[in-house]
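Colleague:
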Amino acid sequence: MAEGCNNGSSKPTATPYEEALDALSSLITKRSRADKSNKGDRFDLLFDYLKILELEEAISEMKIIHVAGTKGKGSTCTFTESILRNCGFHTGLFTSPHLIDVRERFRLDGMDICEEKFLAYFWWCFDRLKEKATEDIPMPTYFRFLALLAFKIFAAEQVDVAILEVGLGGKFDATNVVQKPIVCGISSLGYDHMEILGNTLAQIAGEKAGIFKDGIPAFTVPQPDEAMNVLVDKASKLNVTLKVAEPLDAKLLNGLKLSLEGEHQYLNAGLAIALSSTWLQRTGHHEFTCPEQASPLPEQFIKGLTTASLQGRAQKVPDQYINAERYGDLVFYLDGAHSPESMEMCARWFSLAVKEDSQKKAFNHPPQNNSGSTIELTQGNPKERDGKISMQILVFNCMSVRDPQLLLPRLMKACGNHGVYFKKALFVPNTSVYYKVGSHALPTDSQVDLSWQLALQRVWENLIQSDKGGEAKHADAVCEEGKDDTKMGGSTCENSTVFPSLPLAIKWLRESVQQNQSVRYQVLVTGSLHLVGDVLRLVKM
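According to our numbering, the sequence shown is numbered sequentially starting from 534.
1) Find the nearest neighbour of T609 within the set K1040, S1024, Q798 and I835, judged by alpha-carbon distance.
2) Hey, is the stretch 628-644 in contact with the stretch 687-703, meaning 3+ C-beta pairs nearer than 8 Å?
3) Enumerate in chain order the residues of its own chain whose CB-to-CB distance from L604 is below 7 Å, with the five nearest sequence positions on each side excluded.
4) Please report the straight-line C-alpha distance between L652 and F865, rounded to a whole angstrom.
5) What's the gap between the Cα of P673 and the Cα of A751?
6) Three or more C-beta pairs under 8 Å: does that hold for the stretch 950-965 against the stretch 621-628?
7) Could you tell me how far apart the beta carbons of L843 and G607 are, in whole angstroms, since I believe they sit closer than 8 Å?
8) Roughly how many whole angstroms lie between the Cα atoms of D1017 and N930?
9) Specify the secondary structure class of D642 as computed by DSSP and reduced to three states.
10) Between which residues of its own chain and K1075 is the CB-CB distance below 6 Å, once the five residues before and five after are set aside?
11) Below 8 Å on the Cβ atoms is my contact criterion, and I expect A847 with G795 to pass it. Report the Cβ-Cβ distance as a whole number of Å.
12) When you compare only the Cα positions, how much space is there between P915 and Q1055?
13) For the beta strand (DSSP E) that contains Y550, what are its first and last residues?
14) My understanding is that A880 touches T611, with C-beta atoms under 8 Å, so please give their C-beta distance in whole angstroms.
15) Nearest CA to the CA of D1000: which residue from D634, L941 and N801?
16) Among L1035, Q990 and V1046, which residue has its Cα nearest to the Cα of E1027?
17) For A591, I'd like the list of residues in its chain whose CB is within less than 6 Å of its CB, leaving aside the five on either flank, ordered along the chain.
18) Below 8 Å on the Cβ atoms is my guess for L791 versus T839; work out the distance and round it to an integer in Å.
19) Thinking C-beta only, is V710 closer than 8 Å to L867?
20) Report all residues from its chain with a CB closer than 6 Å to the CB of A547; omit the five preceding and five following residues, and keep chain order.
21) Suppose you measure from the CA of D758 to the CA of I1039; what does that come to, to the nearest Å?
22) Between which two residues does the alpha helix (DSSP H) harbouring C948 extend?
23) Looking at C-beta atoms only, is the number of pairs between the stretch 664-679 and the stretch 554-563 that lie closer than 8 Å three or more?
24) Take M945 and list the residues in its own chain whose beta-carbon comes closer than 7 Å to its own, dropping the five residues that flank it on each side.
25) Take N571 and list the residues in its own chain whose beta-carbon comes closer than 6 Å to its own, dropping the five residues that flank it on each side.
26) From this set, Y582, G700 and A738, which residue's C-alpha is nearest P671's C-alpha?
27) Taking 8 Å as the threshold (C-beta atoms), are S593 and K685 in contact?
28) Counting only runs that start and end within the stretch 728-782, where is the alpha helix (DSSP H) found for 4 or more residues in a row?
29) Label L510 either buried or exposed according to how many other C-beta atoms from any shown protein chain fall within 10 Å of its C-beta, with 16 as the threshold for buried.
30) Any idea which residues DSSP pairs A688 with across the strands?
31) If F705 sits next to D574, beta carbons under 8 Å apart, how far is it from one beta carbon to the other, in whole angstroms?
32) Take T811 and list the residues in its own chain whose beta-carbon comes closer than 8 Å to its own, dropping the five residues that flank it on each side.
33) Considering only the beta carbon of each residue, do P1033 and G1023 sit closer than 8 Å?
34) Write down every uninterrupted run of the beta strand (DSSP E) in the stretch 585-639 whose length is 3 residues or greater and which is fully enclosed by it, in chain order.
35) Going by DSSP in three states, Q712 sits in which element: helix, strand or coil?
36) What three-state label does DSSP hand G861 in the structure shown?
This is how it looks when you write it as structure tokens:
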């Protein structure tokens, strides 16, 4: 934060960027379900905004790839952008949410938009909308403004291709003002945002299929029958040719690996290849052979798939603040999984990653078994070359609209299936707040209500007790603190701790590393992309 002239009474002056973030924060409102009953939360307003910003013609001329889905849509968009950039095109990519800085949502040629350009385009849009705002046409809400800003940026920067990730749902999402995309994609569907999108896979699929446009080709990945039937039905009614993109065959990468980790990324990569190929075909760029899974991938496709980058999805980050001689003794494994299905994929990735990392340093000798308890270290605890033992820790939070009874058991079971067990689970509130953008106005520990984290802790302790064959109802008895379930105090139990803030949890981890010279800590951070962003902010500063 920039300091102004301080005469003893003046407050620190906000930077121009912070002023823009404050203006953006003023647009945040409580989400409501956009459906027929409220006319899509007045979806028609978006066309008024486009008229005010004089973007109608620009959008109609944009060569857009539009992607919806529950899981993997951000990764699919990232792969697609990287492929087309490596084919030599000037790319624009709009994704959500951001992890550290709102500018991450707007990528030009694979790079976050610079602060100078962001500010220029931001105020150009904000001021015009503010000037024309009336009771009938109020200022757009937060995400709608960001989508409008993306259209302005991509139009002004004259991108060759704009890749748009749907924010929520599809039919009534702000990105769905696009009338004539080049191609549409639907990534894996599952249960998420059910309070907004509906309680069945069929309802959710119907919302996602809302991005289909008359006569525009679309691709999806293998889906559960309940979801696929709806997609096929919606496609047929709109004369949409809907094809299923098969997962990428790893052999086609010529010995290289996808840059985004996890088995599920081969599904997203297959969809990205189909979207990129169709975009090239339909825009007249026939110099690039459009590959089928059986034929070799073009060099540009391979480079795109093996160099794409996306923070917070199956990402490994060694703590930068550990002493040089202890570097690598505290590693964060970050994945923003927040649905039951993605939680299982996250657990699989983490389990394989920690085993692979340990094997790189371990002797080839039979593992020593310390205990059968599900709260012990990785089964076998192989000592590494330097005599150290790997210990797995969970750092978790999720939004209160999600059901931890669906998320945490899937995580624990999938890890257990791979012989990976958490020594300790740490439950923390997010540092970032949902009503504020930026890091210059963060809550203090005393302002945080920990009742949700205490509820998460009870679920975890009950799971541990059940797994041990004990009575789940006695799980609370092992807690040392927080017996009165106070809203503001932390709580330490046998297998878990609630911290009043994320920085305190990170501090505890760093101190544990210093105090235990023979242990290497492998920390899975999951449950919320907001939490992942908060951790990145703290460990990469």
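Glycine included, each C-beta is placed from N, C-alpha and C at the ideal position.
Modeller: Looking at the atomic coordinates:
1) Taking the first residue of the sequence shown as position 1, residue 609 is located at position 76. Of the listed residues, the one whose Cα sits closest to T609 is Q798.
2) Taking a cut-off of 8 Å for Cβ pairs, the stretch 628-644 and the stretch 687-703 touch, as three or more such pairs fall below it.
3) Reading the sequence shown from its first residue, position 71 is the one you call residue 604. Correcting the residue identity first, residue 604 is Lys in this sequence and not Leu. Closer than 7 Å at the Cβ level, and outside the excluded window around K604, lie S720, S721, G723, S872, E874 and S875.
4) Working through the sequence shown from its first residue, we reach residue 652 at position 119. Working through the sequence shown from its first residue, we reach residue 865 at position 332. Between the C-alpha atoms of L652 and F865 there is a straight-line separation of about 33 Å.
5) Walking along the sequence shown from the start, residue 673 turns up at place 140. Walking along the sequence shown from the start, residue 751 turns up at place 218. Near 29 Å, if we compare the C-alpha coordinates of A751 and P673.
6) The stretch 950-965 makes no contact with the stretch 621-628, as fewer than three CB pairs between them are under 8 Å.
7) Taking the first residue of the sequence shown as position 1, residue 843 is located at position 310. Taking the first residue of the sequence shown as position 1, residue 607 is located at position 74. Yes, they are in contact, since the Cβ atoms of L843 and G607 sit about 6 Å apart, within 8 Å.
8) As a first step, residue 1017 is located in the sequence shown; it is residue number 484 there, counting from the start. As a first step, residue 930 is located in the sequence shown; it is residue number 397 there, counting from the start. Because the pLDDT at D1017 is just 40, under 50, the model does not fix this residue reliably, and the point stays unresolved.
9) The residue you call residue 642 lines up with position 109 of the sequence shown. Coil, per DSSP.
10) Limits of the chain in this structure are 534 at one end and 1074 at the other, which puts residue 1075 out of reach.
11) As a working note, residue 847 is residue 314 in the sequence shown. As a working note, residue 795 is residue 262 in the sequence shown. 4 Å between Cβ atoms; contact.
12) Within the sequence shown, residue 915 is the residue found at index 382, counting from 1. Within the sequence shown, residue 1055 is the residue found at index 522, counting from 1. Because the pLDDT at P915 is just 47, under 50, the model does not fix this residue reliably, and the value given afterwards should be weighed accordingly. Spanning the two alpha carbons is a distance of roughly 14 Å.
13) The residue given as residue 550 occupies position 17 in the sequence shown. First-last for Y550: P549 to S558, but that is the alpha helix (DSSP H), not the beta strand (DSSP E).
14) Translated into positions along the sequence shown, residue 880 becomes position 347. Translated into positions along the sequence shown, residue 611 becomes position 78. So it is not a contact: roughly 22 Å between Cβ atoms.
15) Translated into the one-based positions of the sequence shown, residue 1000 becomes position 467. Ranking D634, L941 and N801 by CA distance to the CA of D1000 puts L941 first.
16) Sequence index remark: in the sequence shown, residue 1027 carries index 494 (1-based). Taking only the C-alpha atoms, the option nearest E1027 is Q990.
17) Counting from one through the sequence shown, the residue named residue 591 turns up at place 58. If we look at A591 and ignore the five residues flanking it on each side, its Cβ neighbours are A688.
18) The residue labelled residue 791 in the question sits at position 258 within the sequence shown. The residue labelled residue 839 in the question sits at position 306 within the sequence shown. Rounded, the Cβ-Cβ distance is 6 Å, consistent with contact.
19) Within the sequence shown, numbered from 1, the residue matching residue 867 stands at position 334. Within the sequence shown, numbered from 1, the residue matching residue 710 stands at position 177. No Cβ-Cβ contact shorter than 8 Å links L867 with V710.
20) Position 14 of the sequence shown, counted from the first residue, corresponds to residue 547. Leaving aside the five residues that flank A547 on each side, none in its chain has a CB nearer than 6 Å to its CB.
21) Within the sequence shown, the letter at position 225 stands for residue 758. Within the sequence shown, the letter at position 506 stands for residue 1039. Answer to the nearest angstrom: the Cα atoms are 43 Å apart.
22) To locate residue 948, count along the sequence shown from 1; it is residue 415. In the DSSP assignment, C948 falls within the alpha helix (DSSP H) that extends over P937 to N950.
23) Taking 8 Å as the limit for Cβ pairs, the verdict is that the stretch 554-563 does touch the stretch 664-679.
24) Indexing the sequence shown from 1 puts residue 945 at position 412. Closer than 7 Å at the Cβ level, and outside the excluded window around M945, lie L996.
25) Taking the first residue of the sequence shown as 1, we reach residue 571 at position 38. Because the pLDDT of N571 is 49, which lies under 50, any placement of that residue in the model is unreliable, and the number read from its coordinates should be weighed accordingly. Correct list: empty, nothing qualifies.
26) Residue 671 sits at position 138 when you count from the first residue of the sequence shown. Closest by alpha carbon: Y582.
27) Position 152 of the sequence shown, counting from 1, holds the residue named residue 685. Position 60 of the sequence shown, counting from 1, holds the residue named residue 593. No, they are not a contact pair.
28) Segments of the alpha helix (DSSP H) lying fully in the stretch 728-782: 734-741 and 758-770.
29) In the structure displayed, the chain extends from 534 to 1074; residue 510 sits before or after that span and is not available.
30) The sequence position of residue 688 within the sequence shown is 155, counting from 1. DSSP output for A688 lists no bridge partner at all.
31) Residue 705 sits at position 172 when you count from the first residue of the sequence shown. Residue 574 sits at position 41 when you count from the first residue of the sequence shown. Cβ atoms of F705 and D574 come within 8 Å of each other, at about 6 Å.
32) Counted from its first residue, the sequence shown places residue 811 at position 278. Within the same chain, T811 has close Cβ partners I715, V716, P750, F752 and C823.
33) Against the sequence shown, residue 1033 aligns to sequence position 500. Against the sequence shown, residue 1023 aligns to sequence position 490. The Cβ atoms of P1033 and G1023 lie closer than 8 Å to each other.
34) Note on the stretch 585-639: whole beta strand (DSSP E) runs with a minimum of 3 residues are 597-601 and 624-627, in chain order.
35) Looking up residue 712 in the sequence shown gives position 179. Q712: coil per DSSP, three-state reduction.
36) For the purposes of this step, residue 861 is taken as the residue at position 328 of the sequence shown. Secondary structure at G861: coil, using DSSP grouped into helix, strand and coil.
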